[in-house]
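Residues in the sequence shown are numbered from 4 upward in steps of one, following our numbering. Glycine included, each C-beta is placed from N, C-alpha and C at the ideal position. See structure below.
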Amino acid sequence: MNVYANDLKRLRDGIRSALPGVIVNDSLIDHAQFRRGELLDGAVTVLLERIDTSDDWYSTMKVLITGQMEVKSAEKKEETGALVEAAELALFSKLRRYLRNTGGLPAVKLKEVVFSAQSKVPFGWFLIRAD
């Protein structure tokens, strides 16, 4: 296993340990592929986007980290979107807590986070771009 694959594996394994109950995938799976209710605790996928090299000795892995979740519908249908947003923020906050201190992995710097804006209620998602 090369250094890049090893770092990705260690990052995924660390997330699995830090977020018990959350599904951690090596491959991106669409919401529709999960069984109903399977995403209530969330799912996280770590994907290699690219590797930037500045010289023969230094490189930076650019990763995408997705969070996916489902919420149970609120009693008032119009309130379900707010539940999705709260679930997105909750999973993101747990993940961010781990990414701030990965326990020996190279630093993970968050560059940008995009949220679903309640576009797939009762499902939610976010996408982190990180170095």
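Leaving aside the five residues that flank L86 on each side, the residues in its chain whose CB is nearer than 6 Å to its CB run, in chain order, V74, A77. A90 is classed as buried because its beta carbon has at least 16 other beta carbons within 10 Å across all chains shown.
DSSP places K97 in the helix class (H, G or I) of the three-state scheme. For L102, no pairing in a beta bridge is given by DSSP. Taking all protein chains shown into account, G17 has 16 or more neighbouring C-beta atoms within 10 Å of its C-beta and is therefore buried. Around the beta carbon of T48, 16 or more other beta carbons lie within 10 angstroms, which makes this residue buried. Here the C-alpha atom of F95 lies approximately 24 Å from the C-alpha atom of N9. In the three-state DSSP reduction, A46 falls in the strand class (E or B). Residue pairing by DSSP puts E73 in a beta bridge opposite F126.
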